[in-house]
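Residue numbers (my numbering): 1 to 171. C-beta: ideal position from N, C-alpha, C; glycine also. One structure below.
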């Protein structure tokens with residue numbers, strides 16, 4: 001037989017810790033506001049932090065007192081009823097059909113190289129030279145060793161932007 005909890009519920013300890021944190025935090029905060037001490041700002045911040053930490057105990061108390069009927073826990077814990085009639089057969093049939101459809105879609109995407117339309121999630125880092133696409137920049141770089149006769153030799157880089165066929169003109 002299950003115990004019936006009244007009043008504060010199952011987690012009375014979390015409740016009293018939350019109340020204690022709230023009272024102590026409020027006391028420290030009010031001392032910081034109204035007391036004439038040189039470290040009043042420390043007390044104000046400390047009181048606010050203690051009140052904020054009381055939220056942890058309030059969440060523990062609230063979540064510990066959530067009641068779920070055993071009938072709703074059946075699927076989560078694996079306590080499935082044996083005799084559900086035609087509904088379990090229908091559910092298992094739908095589940096098998098869904099698995100077959102999704103696996104066939106997945107395998108066809110693997111065979112064809114991705115979803116239709118050419119939108120793939122993979123990016124190519126390099127690609128063959130000379131294969132430039134619209135919107136990409138071809139950068140040619142080389143490492144050059146400083147020569148003896150040029151004291152401040154620098155490395156230059158040429159960047160070419162491909163021109164697109166359609167350019168917008170200001171209207």
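Integer-rounded CB distance, given that residue j should sit under 8 angstroms from residue i
| i | j | result |
| --- | --- | --- |
| residue 33 | residue 44 | 6 angstroms |
| residue 29 | residue 9 | Rounded, the Cβ-Cβ distance is 28 angstroms, inconsistent with contact. |
Extent of the continuous beta strand (DSSP E) to which residue i belongs
| i | result |
| --- | --- |
| residue 139 | 138–140 |
7 angstroms Cβ shell around residue i - same chain, five flanking residues per side excluded
| i | result |
| --- | --- |
| residue 61 | 11, 14, 15 and 18 |
| residue 100 | none |
| residue 27 | none |
| residue 122 | In this prediction, residue 122 has a pLDDT of 49, which is less than 50 and means its spatial position is unreliable; what the coordinates show is noted afterwards. Excluding sequence neighbours, residue 122 sits near nothing in its chain. |
| residue 96 | none |
Residue span of the alpha helix (DSSP H) that contains residue i, given as start and end
| i | result |
| --- | --- |
| residue 13 | 12–34 |
6 angstroms CB neighbourhood of residue i in its chain, flanking five on each side removed
| i | result |
| --- | --- |
| residue 124 | Caution applies to residue 124, whose pLDDT of 49 falls short of 50 and renders its modelled position unreliable; the value that the coordinates give is listed next. Nothing listed; no residue qualifies. |
| residue 52 | none |
| residue 40 | 32 |
| residue 112 | none |
| residue 54 | 18, 21 and 22 |
Other residues of its chain near residue i: CB distance less than 8 angstroms, five sequence neighbours each side excluded
| i | result |
| --- | --- |
| residue 42 | 32 |
| residue 57 | 14, 15, 17, 18 and 21 |
Practice item. Write down every uninterrupted run of the alpha helix (DSSP H) in the segment 42–82 whose length is 4 residues or greater and which is fully enclosed by it, in chain order. Key: Look at the segment 42–82 and you find these whole runs of alpha helix (DSSP H), each 4 residues long or longer: 70–77.
Review point. Are the segment 62–73 and the segment 20–29 in contact at 8 angstroms, needing three or more beta carbon pairs?
Key: no
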